[in-house]
Every structure is written in structure tokens, then in C-alpha cells.
Amino acid sequence: MKRIAILVCVVTVAHAAPSRDARIAHLAAALAQLRTAPVALDREIYEAVRTRCKPPPNTAPSVACMIGVAREICGKRGCSAAADVIVTNQHAEHDLLDDVTRMRLVRTGSDYHGAVIAELREKFAPLAAELALAKQDTSLAATIDRVCRERDQIARRCQPGAAACMATIAYQRCAAGLVWFVSTKKEESR
Amino acid sequence: MTDKPPEDPSGGAGKDDDGSTTEPAKEPATTALDEPEWRTTPFDTPSPSSPSLPAVPRELAPQPDEPEWRSTPFDVATPSSPAIPVLPQDAIDPAPAIEPATEPDEAALAVAPIDTVTDAVAETATPTEAAPVEAAASETAASEATPFVEDAPVEDAPVEAAPIEAAAFETAPLVEPEPLPGLASESIAVQASASVAPEPPIPPPMTRTPMPPAPVIAMIGVKSIAIVMAVVGAAALAIRSGTVSIAHFGELTIASAFATGLFAAASTAILLRSRAKSRAALIVKRPRLVVDLPAAHPGVHELPPIIQRVLVASVFACLGLATFTSDATARIASVPDDLTRPSRAAYCLDDEPKPEHEASDPVAPPPPPVDQAGCALVKRAYQLGYAKTLGSCAPSPAVAAAKPKDETKPEEEACDRRELDEPFLHYTWRRVVETAQGASPIDAAQNRADDISTRIGYLEDLLADVKHSITGTPHASHHIFVSLPDPHPKSSLSEFTGEEPCTALFEDLPLWPVWSADAPKGAIVEHVLGQLLFATRFGSPASCSDYTLHWDAPADACARIAKDARGFLEEHDALEPMRAVLDRRRRQAALHTLMLELEHKSTLPEPPPASHVASVGCFSVGSASSSSGSTIDIDGETLLLRAATTPATTSLDVYTDLARMLAGATTTVRPATSEPLLDDAEFPLASLEPYLAIDPFTIRTALGAAELVEVYPFDRHLHAFVEGFRRVYFAQRGRL
């Protein structure tokens, strides 16, 4: 029954993916919106999601709930593109950071979410290096879109436990991570 | 400076160096090539034939035992020159005559300008009387210098050297030899002989006139230059590398210092065995290199020998300091001990004590912290900030389990090698006895004969196996007939350049290319086949050299193969490699049996079944997906024949149908998701997150649009699909 429901849902929405130009415009808008107080917006969305979505232990909140919360916060401020990046990063947190790392962050710091953001920034650093080395397109958003779209097409082999190597990453997480990385400073994320 | 040849003013008569009187020569004296000018030009001796020859002053007469520098009166001029005043006898200061002329006299240098003296001599002395030595020496110098100074005219060298030679000349004071005994009788003998001989022209009376010496060009020997350069280079390297530093000297051991000193002294002694001057030198005023100089050329200046030795020794000391470090010296010193130390392979030695860190069992890494049951809520509360500490739910390190004693470790074997204190003859005798014990020569010979007889029975297999190894028979031969044109059609150039190796073709396959509508389906099939079998990103791949793709195959290829396998395969050049592989497999199976018969541990594993090393598949494009399977018989071996048809609408079709053709039915478990898919234009990035759990191989409609294909998270889904396929397929395939 669940599979049928998913199939119906997929059939209805699968053809509605954004085009390349729409993706680039969205990333450009996110870069522009994150120029002012990105950390404050991230903290605001995090606190709202934590109190309202209430995911089960050791799982990420549902995307639909997070989008709903973010839409409420940005309804009047016009920060939906930035909120999209923030929601994507917060949803990817459980996949990008393993349990041991998250427990270490819980144990060692008083600001768990700040530590998570800093840890994610460390994860995104190799991507940022690839972005810097990549051929530049007409805009930073276009470069980010192309780098993240083509990145998984090439096979990468990482040594087990290599912190500075990310073998694969989904497009949306790559794009959201890079937009966040280039829009914030290291000091701000801590 | 003159170009005329010098003439002998004395008419050829004179004295030898040993003081004996010589007969006057009929011809003018000439200069021997290998003899210095001053020795062959007896201008300082009076002519014995002259009746009015005045008695040579005792001060000027050469003595038999007199050094050369004293018997060479460069400062004596002929009195016949009208322009040169004759110095009175009392004007000669005898005091400086004792000193050799090699020491420079600054006072003399200051008496008259050099040019004045030189010019005066040149103007007043006639070529035939006053300047034979100068002319000869000038020519000699010119002939020596000009061949190596190409652009310098012959006259240039003496002119340039003139100040130096004049200075050298002025440094030689006027010499008045001390009165020597026996001079009177010598003069008498000269006069007596003169009365008998015909009268030669009367030589002019000799007067004391400064005579310019032979022109000598100041040069620096290359030996000195090389030594100085070596010192500078060695010092620079030593300082730069820290060899010459207080820290390095502080670490220097006595043995190292001794080795360094020994090396420097020995090397210096070997290198500087000769004190001879350089045969090549550098002209000072005009920095040019002159080579092939005569030995001990007076113009070549070298560093004093002691300075040379010190400098060369310092160079080798620097090398020694860099080379003979404390460790290196200790290693060199331990060479004799190492050579004489008994080998563990030849002697029974006690076990070496293990280092402390190796004596105990290796320290296992600390185990990961153990999450305690029932603490999830506490942790969550702590994570949300409702609890300050985790309390008893804090992760506690797991206690490492004690390592059980390894009882499978074999006991130490008794050593049968030579003991340290065992005489050689005793050891030899013991080895002979041990070898002979329990061994019957007849039994040994019988066993050997049986082995040989058994091997002869398998001789054909042995030789065939060697032939397969040498000729490079494939380890497997799988043939796939595809009813699509070759995406890489062969060009005529490939006849000369060869085909691209399959390893390069499948080396860097993109994960999921976006195929256009007019993309050749053969390229899609080739890409999918490469991903399924040969891509390394999904784990251990198959060997692409074991597979042959037959493009442009008929759509009913498998039906025709099932009807006439040999004919169809031979027509497409597939039968021969398959037979070779099957034959190689048979030989390996025979050799495996041989090893079992010989009761030897087989070095060859039992070969895989024939259907694992050779197979035939057919892949065609049709209206719908379908697959079938059967077997064929090649040389008595049963091989698999599988066929699949695909609509090839999308890559997903090719993936699933090709996997079905290769491995049969594949089952992959796909994770389900409870995340609903979203279509939110305001949050396009977050809307893609649920696709991480949507497997396109299960829910094919997920790939609806090309825009979605561009950003779809294929990686984890394709990994799951290919890994599941390979688990099934590789269990059915093998290689020899």
C-alpha cells in the first residue's frame, strides 16, 4: 500500500524538476540572500524545526515539515532560497555526520548545532577546493551548478577514513553545501 | 724588442759551465731548443783569441761550483757599446752580490722608471752586441705564448709583459760576485790558448750594464685555481648543509672524527704527490687559459705547497664530515664483526630477545564506545538541551576482551644446524648419518621411477599447458552478440595503429550520462555493459579481455547458435578462442589429477566448470523486454546460451535486460521511503532529498524528465544495483 502511494506520488511530481537555468537562478538568489546574517537565519530555522517537527531519535526531520517551517519563517522576509539551502544542509546532517561524530559533538561542546555547522563546514571544504579549481562559468551559481552536476559522474576513490575526501554526494547537498560555504566565514559558523 | 736573430758577440769562444776553456766556434752560436737562453749564450765570457783581452775581473768570472743565478751575469754589458757608459770598478757595490736576485728590492724598483731603463737599453745596444739574450728570450717567449693566444700578435706578449719583466729585472740588484780563488791561473790559461789560436775580432770590453731579462708573463697555475675553487665550493656546501656547525661537531664521535681526519690526510697525500707546477695556467692580466706549458715555467705562480696541502685537506675534511657521520662510522666499524658473525641459517643460535614493545602482544586499538540500551531518550534530552549531562548514559569504553592463547601455534622445532662450538667434521658426519638414516636407495629409486612414469603419462598435458602459457591462451572466453551497429566503427587507420584496448575504453565511464534522443543505442549498451562488468567504482571488476562483443549480429543470433553452434561461432571467429579456453581448462584439470596421483600438494586449484569460463549471449533490441536461456555443446562441454531483448527506451531498460542476460534473474533489495515526494518551486534543493531513497530501478517513473536525470542521486542506487548484479553473476563465472 505504501509503495503504491509512493508510486502515485512519484508519477505526479517526477516531471516537475527545475530546468538548468532555474537551478542557477535559484542558487544565485540563495547566494544573494545569505550575504546578510546567514547564521542567524540558520539558527532560527533550526530552533523552529527542533520544536515543531520533532523527528524520531537518530533520524532527520521530514523534508515536508522542514520546508513548511522555513516557508513560515521566510514568508514575509523573502529568504526562501536561503532557507532552501539551510533546510537541505540540516536534512543532510544525519547522513554527512556519522553517529560517533555527532556524539562527540554532543559530549564536547555546549552549542551542539554550532558544532554541527562547523563540522559540516569541514566536510564542505574539499568541495570548495574543487569549486575553486574548476573552470569558472559565467557566474558563481552556474559554476556551482555545473560542478555539483558533473561531480558524481567521475569515479573517486577515497581511502577509508580519509577526512578530506568525499567520494560521492548528491547534487542538492553539494550545491547547498557550497552555497553555504562561500556565503559564510569560518568564524561565523562557530 | 727586435726581430733580428741574435749574434754571438764573442765570436763563439768562451767557457763552459764547468769553467773549462772551449775552442772558438767557426759559426755563430745558436740557441738549443731545449736549453735556456742564458746557458747557450756565452756573452759573459771573454774571447780567448783576443790578444788584448783584458783580464776578466774576478768578480765576473764564473766558477765551476757556482750556482746558475750567480754565473749568469745579466747585469754585464759589452763595453763596445758606445752609448753605454762603462761603470767604474769602484762604483760596483759588492755587498748585494751575496743575495740572490729572486728577492724583490723595492729600493731598486724605485731608483729608475722601468720604461726608462728598458728604452735606454733598446736604444743604445746594437742588436749584435747588447741584446742577444733579450732577443732570443723574446722570441722564445713569443713563440711559447702566441700559439695559445690566438688573437694576440707576436709582438703583443712581450709588450704586455714588459712591466712585469722590468720589475723582475729591477728586483735583481747588480751582482758583484765575491773573489774566488784560482781565477788568476784561469785567466793565464785563457791567455795562453789565445796566443795559439787565430785572432778573432777583438770583443769590446765588458761593462756593467743592466740587461733586461727574458719576458715572462705572470700566470696562475690551474692547480692553485682548482684548489681554491674546491675549497670555496666545499666550504659553501658544508656551511649550507650544516656539516660545519657547532651542533654537528657536538654530535661527532671520536671514531667519526678519526675517520674524517684519516680520510682527509690520506686523500691529500694521494692527490698532492707531486709539487710540479701546472702545465696550464691562467694569464693574470688577460684572463685566458694557456695550456701545454713547459715544466716549471717561471711565469707560472702556484700557492706554496704547504698552503696547497692545507687547503686540499680542508676540502676532504668537509667531505669526511658530511660522510663519516656517527652512524656511518659505527656501521663501517661494525663491518668486520658482521662478516665474522655466525649466520642464523648455518648455525643454531639462541633466539634474539625481542624488543620490549614487541615482546608483548600487539596492543589492540581501543574499542569504540558502547551505547547503552535505554539511553536514547536521555541522549536526546541532552541533545536538545534539557539535560546538562548524560549521567550513566555517557558512552563508556568497551573493555577489550583478553586474547585467548593461540594453541595452534606450533612448537619450536629442534635445530639440526651446526652448533656454535661444533667442529666442522663432526657436523659433516652428523649430516651424512642423518641423510642415510631410514633411506633405502632402492626404495628411493623406485619412487623416483614411479614419479617419472606417472609424469610421462601426462606428458601431453604438461606440454600443452606450457604451450597455453607461452601463447597466451585466454583465461576465459565469453561472447556477446549484439544486434546493434558498432559504436566505435573500425577505420582503415586502425589496421596500422591497432584497436583501443578495452581497459582504456572502460576506464573512466561516467556514472549516468544523459543520452540524447539520437544517441546510438550501441553506445548505451556498451556503457551499461562496462558499468555492470568492468567499472572499478563498484568493486572488483571482470577482466575485459575475457569478453568479446560481436556488433551487427543478426537479431536471431541465439536461434541460429542453438541450431548450429559450431558453424555460427566459427563464422564469427568465436569458436577458436572458446576451444582454446576449453582445452586449457582440460589440461589444467589433468595436471590437477596428476598432482593428486603423485600425492603432491597441488599447486593448481581445481579449474572452474566449463560453463564458467566460456559462454555465449545474445542481446537484441526489440519491442519489449524478454529473455531466454539454453545450452550448447562445444567439444563435449556444455555451455550456457542466454538471450535477451530490450526496448532500449531508457538506460534503465538496458541495465535490467542486460543484467538479466548475463546473470539470469537478479534480485536487489531496495530501501523503502516514507518521505513523500515534493514539487516545491521555492525549495527545489530540499525537494530533491526524498529521491535519495527512491530507487529508479524499482520505480522507473521516477526518471520522468531530463532535468531530473541531470540531478538525480544515481550513485547510491546504481551502486546497489551493480553490486547486487555482480554478486549473482560472479558466482556463475570464473577464469582459469
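Listed in order, the protein sequences are those of chains A and B.
Sequence positions in the first sequence follow the numbering used here and run -14 to 175.
Sequence positions in the second sequence follow the numbering used here and run -15 to 720.
Where a beta carbon is used, it is the ideal one built from N, C-alpha and C, also for glycine.
For residue i, three-class secondary structure by DSSP
i	result
His701/B	helix
Leu582/B	coil
Tyr442/B	coil
Cys150/A	coil
Gly506/B	helix
Phe490/B	coil
Gly162/A	helix
Gly601/B	strand
Ala155/A	coil
Ala627/B	strand
Gly226/B	coil
Gly718/B	coil
Ile291/B	helix
Option nearest residue i by Cα separation, candidates the options
i	options	result
Val132/A	Arg142/A, Leu163/A, Arg141/A and Lys108/A	Leu163/A
Gly721/B	Gly94/A, Cys50/A, Ala119/A and Met51/A	This structure cannot speak to residue 721/B, because chain B is shown only from -15 to 720.
Asp502/B	Ala632/B, Ser467/B, Ala360/B and Thr455/B	Ala632/B
His98/A	Val54/A, Ala152/A, Thr123/A and Leu26/A	Leu26/A
Glu78/A	Ala161/A, Leu12/A, Ala149/A and Val167/A	Ala161/A
Ser453/B	Asp567/B, Cys332/B and Arg402/B	Asp567/B
Val48/A	Tyr639/B, Ala715/B, Leu669/B and Ala222/B	Leu669/B
Ser500/B	Thr634/B, Leu553/B, His285/B and Gly606/B	Thr634/B
Arg563/B	Ile618/B, Arg521/B and Arg259/B	Ile618/B
Tyr331/B	Arg401/B, His703/B and Ile201/B	Arg401/B
Pro278/B	Met203/B, Arg257/B and Pro326/B	Met203/B
Leu516/B	Pro504/B, Val498/B, Ala537/B and Pro494/B	Pro494/B
Ile616/B	Ser609/B, Ala627/B and Ser610/B	Ala627/B
Asp664/B	Cys50/A, Leu82/A and Ser168/A	Cys50/A
Ser671/B	Lys170/A, Val91/A, Glu135/A and Ala68/A	Ala68/A
Ala55/A	Glu29/A, Ala110/A and Pro42/A	Glu29/A
Ala253/B	Ala301/B, Val228/B and Pro525/B	Ala301/B
Val275/B	Lys269/B, Ala265/B and Arg544/B	Ala265/B
Ala231/B	Leu305/B, Arg521/B, Ser529/B and Ser318/B	Leu305/B
Ala147/A	Pro111/A, Pro3/A, Lys61/A and Arg35/A	Pro111/A
Pro497/B	Val296/B, Leu624/B, Leu692/B and Gly245/B	Leu692/B
Bridge partner(s) assigned by DSSP for residue i
i	result
Ala265/B	Gly205/B and Val274/B
Tyr331/B	Arg402/B
Tyr531/B	His462/B
Asp617/B	Thr622/B
Val284/B	Met203/B
Ser610/B	Thr629/B
Classification of residue i by the beta-carbon crowding that lies within 10 angstroms, buried from 16 upward
i	result
Gln430/B	exposed
Thr630/B	buried
Ser475/B	exposed
Gly63/A	exposed
Ile71/A	buried
Val284/B	buried
Lys39/A	exposed
Phe698/B	buried
Leu404/B	exposed
Ile52/A	buried
Ala17/A	exposed
Pro42/A	exposed
Gly523/B	exposed
His596/B	buried
Any non-hydrogen atom of the ligand GTP closer than 7 Å to residue i Cβ
i	result
Arg710/B	In the structure shown, the ligand GTP is absent, as is every other ligand, since no ligand is present at all.
Contact set between the segment 505 to 534 of chain B and chain A, restricted to residues whose Cβ is under 8 Å from the partner
Ala519, Thr520 and Arg521
According to a CB-to-CB cut-off of less than 7 Å, which residues of the segment 142 to 161 of chain A neighbour chain B?
Thr153, Ala155, Tyr156, Gln157, Ala160 and Ala161
Given a limit of 7 Å on CB to CB distance, which residues of the segment 301 to 326 of chain B reach chain A?
none
Scan the segment 692 to 708 of chain B for residues whose Cβ lies nearer than 9 Å to a Cβ of chain A and list them as they occur along the chain.
Leu692, Val693, Glu694, Val695, Tyr696, Pro697, Phe698, Asp699, Arg700 and His703
Contact set between the segment 3 to 15 of chain A and chain B, restricted to residues whose Cβ is under 9 Å from the partner:
Pro3, Ser4, Arg5, Ala7, Arg8, His11, Leu12 and Ala15
Which of the residues in the segment 64 to 77 of chain A, read from start to end, lie with their CB under 7 Å from any CB of chain B?
Ser65, Asp69, Val70, Val72, Thr73 and His76
Give the residues from the segment 252 to 274 of chain B that approach chain A closer than 7 Å (Cβ to any Cβ), ordered along the chain.
none
Counting only Cβ-Cβ distances shorter than 8 Å, please list the residues of the segment 31 to 64 of chain A near chain B, keeping chain order.
Arg35, Pro42, Asn43, Ser47, Val48, Ala49, Met51, Ile52, Ala55 and Arg56
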